[in-house]
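Shown next, in structure tokens, is the structure this report addresses.
Residue numbers (the numbering used here), protein chains in the order written: chain A, 1 to 248; chain B, 1001 to 1323.
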């Protein structure tokens, strides 16, 4: 089993990173949140950021997306420096964020929410048919208002709407938070299928058991820094340390 | 795109638009027969102000930008179109176009300055700019200060439609109103309109999906300014004058009142609100004089306290329809 799991990670490690973060710092007003974050994401990988509440995981995603007030350091996407770019420019380079609060527009219908994000690449995005095979519930709810969805449906819509655009790197912020186990399984299968499709995924997750079903590599964050990193195959060996880091 | 399944629950948010279309047919039918029952001059006045309120509502109701100086677009366009028709002797259609162009240009300049700020700061910047336009209109030689531009010729539209005939004039004003109304309706129900609503609701999210919010806000601002200008320019032609009333601060305030009274963020609300306010001014004004302002203020208070969604908003909410 370990050999089979290692093989794709090894081929991926040969490639240049899709996203390389080094010395990333960020502030919310006066509070210094990130104190030099370093990690990388290779093409086609699922990378998970782990850490306690307040470790800076969400802030890291927001800083990459350019929606944090002040940031410093370096974030290179396909070799291009994106710190300092406006958020809409970053989105158009091919990075999409599915935020923790989901950000469904309540005054728009499901269909309008789905069709809202701009196409940023001529190819690469999923077709609507493909999206509906991944999330059959959405097809039945197309005409409903964005505020009328259940939590699971909202999460599916939030993920679905960034799949159409052609973004290469999907950043999912706690996609399983507050959802029923059956929905969590469906989201897990979706992430696996998206990986098969060639999407690169950066996941922030509190649900460590969920993360272990989809992730290739883990980075552990604490106090605004990455303090440890290991591959999924080394998970067993690192369980002891992880329990210390996460306090679970 | 496939049809949603018939079992899907129908919510008031369902954007079928059928109710809106039925309401449009009813409104158009009423306005077509109205001049046989109601004084046409009042109707034309109300139609122009209603278009002005609809243009204002496009901005406040769908983009969430409260402009406190929208009278500058109404007033400037009315001066430009009156001047173009009277002094340059232009065809009424061209005079109106000149008015629209002037307010659109003003919209680009003021919009570019104002949309950098939000909320109360946006309102204050638009207010300050509109006061500048007011003093410009008071002092500039072509506006004739306190006198305004009087006896503007109605003229021959496209050289063969005689606008000095009251009936023809009414249907011309109605056509302009319906055109402006449909432009707004189409805008709100287009993908562009969806982006505007998304920006109103959660601007950072819309930006991080890849939209440069400022460009969309500016486009909506300029469109709103141009349509407010269309209302003002048409008003100058049918009423045969342009005066300081249309560019004054009180007009900017009244349009807020009309929109709130009728229902902010509803398509028909501003039309209803404008008809009520103009009717009060025209008919109550004869008997009560300045007291109309006091009554307007009281209605505003009642509206805010009792039916915050406005008349159309409350009706739509009660019947779970989208109007």
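Even for Gly, the Cβ is constructed at its ideal location relative to N, Cα and C.
Here's a check: name, in chain order, each residue in its chain whose Cβ is nearer than 7 Å to the Cβ of residue i, leaving out the five neighbours to either side.
i              : result
residue 246/A  : 50, 52, 208
residue 1317/B : 1309
residue 1019/B : 1321, 1322, 1323
residue 1226/B : 1100, 1103, 1104, 1107
residue 144/A  : 109, 110
residue 1197/B : 1062
Measuring alpha carbon to alpha carbon, tell me which residue in the options is nearest residue i.
i              : options                        : result
residue 1097/B : 1229/B, 1044/B, 1268/B         : 1229/B
residue 1260/B : 1145/B, 1280/B, 1233/B, 1057/B : 1057/B
residue 120/A  : 20/A, 161/A, 205/A, 64/A       : 161/A
residue 1144/B : 1243/B, 1272/B, 1124/B, 1129/B : 1243/B
residue 1184/B : 1161/B, 1210/B, 1224/B, 1155/B : 1224/B
residue 84/A   : 77/A, 93/A, 78/A, 72/A         : 72/A
residue 42/A   : 77/A, 113/A, 189/A             : 77/A
residue 1175/B : 1051/B, 1148/B, 1256/B         : 1051/B
residue 1036/B : 1207/B, 1178/B, 1300/B, 1167/B : 1167/B
residue 31/A   : 233/A, 224/A, 238/A, 237/A     : 224/A
residue 1095/B : 1178/B, 1154/B, 1069/B, 1038/B : 1154/B
residue 1283/B : 1043/B, 1234/B, 1032/B         : 1043/B
residue 1273/B : 1022/B, 1296/B, 1151/B         : 1296/B
residue 181/A  : 198/A, 122/A, 210/A, 61/A      : 210/A
residue 44/A   : 196/A, 238/A, 203/A            : 196/A
residue 26/A   : 60/A, 39/A, 47/A               : 60/A
residue 229/A  : 47/A, 35/A, 111/A              : 47/A
residue 1125/B : 1214/B, 1135/B, 1113/B, 1164/B : 1113/B
residue 93/A   : 190/A, 169/A, 164/A, 131/A     : 169/A
residue 58/A   : 174/A, 122/A, 213/A            : 174/A
residue 1040/B : 1164/B, 1218/B, 1196/B         : 1164/B
residue 1281/B : 1088/B, 1315/B, 1254/B, 1171/B : 1254/B
residue 1072/B : 1118/B, 1133/B, 1110/B         : 1133/B
Determine which residues share a DSSP beta bridge with residue i and list them.
i              : result
residue 98/A   : 172/A
residue 1291/B : Paired residues: none, contrary to the question.
residue 1156/B : 1162/B
residue 27/A   : 32/A, 70/A
residue 21/A   : 39/A, 75/A
residue 233/A  : Residue 233/A is not bridged to any residue.
residue 226/A  : 221/A
residue 81/A   : 76/A
residue 1284/B : Beta-bridge pairing links residue 1284/B to no other residue.
residue 1242/B : 1149/B
residue 109/A  : 145/A
residue 1025/B : Bridge partners of residue 1025/B: none, in fact.
residue 1195/B : Residue 1195/B pairs with nothing; no bridge assigned.
Less than 6 Å between C-beta atoms, sequence neighbours within five positions excluded: which residues of the same chain meet that for residue i?
i              : result
residue 9/A    : Residue placement at residue 9/A cannot be trusted, given a pLDDT of 46 that sits under 50; what the coordinates show is reported in the next sentence. 216, 231, listed in sequence order.
residue 1275/B : 1046
residue 159/A  : 98
residue 1188/B : 1062
residue 1014/B : Residue confidence is low: residue 1014/B scores 44 on pLDDT, short of 50, so the model does not pin down where it sits. No coordinate-derived value is stated.
residue 1084/B : 1090, 1095, 1098
residue 1285/B : 1292
What residues from chain A crowd round residue i, counting only those whose CB sits closer than 7 Å?
i              : result
residue 1194/B : 108, 112, 116
residue 1197/B : 105, 107, 108
Along chain A, which residues have their Cβ under 9 Å away from the Cβ of residue i?
i              : result
residue 1312/B : In chain order: nothing, as chain A lies at least about 17 Å away.
Output, in chain order, the set of chain B residues within a Cβ distance shorter than 8 Å of residue i.
i            : result
residue 92/A : 1210
residue 87/A : 1204, 1207, 1208
residue 97/A : 1208
Mind pulling the chain A residues with CB within less than 8 Å of residue i?
i              : result
residue 1112/B : Residues of chain A passing the Cβ test: none, with the nearest at roughly 17 Å.
Below 8 Å CB to CB, which residues in the same chain sit around residue i once its five sequence neighbours on both sides are set aside?
i              : result
residue 65/A   : 87, 90, 91, 95, 97, 171
residue 29/A   : 69
residue 1006/B : Confidence at residue 1006/B is low in this model, with a pLDDT of 37, below 50, so the placement of that residue should be treated as unreliable; the coordinate-derived value is given next. Here the set comprises nothing.
residue 1137/B : 1075, 1076, 1079, 1143, 1244, 1247
residue 74/A   : 20, 21, 22, 23, 24, 81, 83
residue 1017/B : 1189, 1322
residue 1277/B : 1049, 1254, 1257, 1258, 1261, 1296
residue 1122/B : 1065, 1066, 1067, 1114, 1115
Residues of chain B with CB under 7 Å from residue i, in chain order?
i             : result
residue 103/A : 1202, 1205
Give me the chain B residues within the contact set of residue i, using Cβ-Cβ distance strictly less than 9 Å, ordered along the chain.
i             : result
residue 17/A  : Within 9 Å Cβ-Cβ: nothing; residue 17/A doesn't reach chain B, min ~22 Å.
residue 227/A : Correct list: empty, because the minimum Cβ distance to chain B is about 28 Å.
* Asked: Between the region 33–64 of chain A and chain B, which residues of the former have CB atoms less than 9 Å from a CB of the latter, in chain order?
  -> 62
* Relative to chain A, which residues along the region 1210–1240 of chain B have a C-beta separation below 7 Å, given in chain order? -> 1210, 1211, 1212
* According to a CB-to-CB cut-off of less than 8 Å, which residues of the region 1167–1193 of chain B neighbour chain A? -> The residues in question are 1191.
* Asked: For the region 174–191 of chain A, which residues have a CB atom closer than 8 Å to at least one CB atom of chain B, in sequence order?
  -> For the region 174–191 of chain A, which is checked against every Cβ of chain B, not one residue is closer than 8 Å.
* Residues from the region 115–140 of chain A in contact with chain B, defined by Cβ distance under 8 Å -> The region 115–140 of chain A vs chain B, Cβ under 8 Å: 115, 116, 117, 118, 120, 128, 139, 140.
* To do: Scan the region 65–82 of chain A for residues whose Cβ lies nearer than 8 Å to a Cβ of chain B and list them as they occur along the chain.
  => 65, 66, 67
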